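Numbering (our numbering), first residue to last: 205 to 302. Have a look at the structure below, then the notes.
Written out as structure tokens, the structure is:
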């Protein structure tokens, strides 16, 4: 699993180890991309976090806005866990229906 962390117009520390847990929830993850973007040059401007998980034939993406970048990251990670659970549920339902 390759983890890519990018910060557009802001500095981002590389201590975001929480993305390593995504492989437990969704086996076969090839790439995790985290992008931090600041909306304006002001210090209290809202930050945007985009979290993208790429698998063999699957692409899951969430986006979150907050004044604090790490709070936005935590919220985006929670949304990603929910999205993975929904994806896995749909996959199981399709196999049972056949």
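Using N, Cα and C, we set each Cβ at its ideal position, and we do this for glycine too. All figures in this text were calculated on a predicted structure; none of them were measured in a lab.
Have a look at the DSSP bridge pairing and note the partners of residue i.
i: residue 210; result: 239
i: residue 253; result: 240 and 268
i: residue 258; result: 235 and 263
Thinking just about the alpha-carbon of each residue, which of the options is nearest to the one in residue i?
i: residue 275; options: 250, 213 and 208; result: 250
i: residue 244; options: 284, 213, 264 and 220; result: 213
i: residue 232; options: 215, 210, 262 and 278; result: 262
i: residue 272; options: 294, 246, 284 and 292; result: 246
i: residue 234; options: 242, 278 and 257; result: 257
Tell whether a beta-carbon distance below 8 Å holds between residue i and residue j.
i: residue 288; j: residue 220; result: no
i: residue 255; j: residue 281; result: yes
i: residue 286; j: residue 239; result: no
Does residue i come out as helix, strand or coil in the three-state DSSP assignment?
i: residue 230; result: coil
Looking only at its chain, what residues have a beta carbon closer than 6 Å to the beta carbon of residue i, apart from the 5 residues adjacent to it on each side?
i: residue 269; result: 250 and 252
i: residue 188; result: Residue 188 is absent from the model: the chain starts at 205 and stops at 302.
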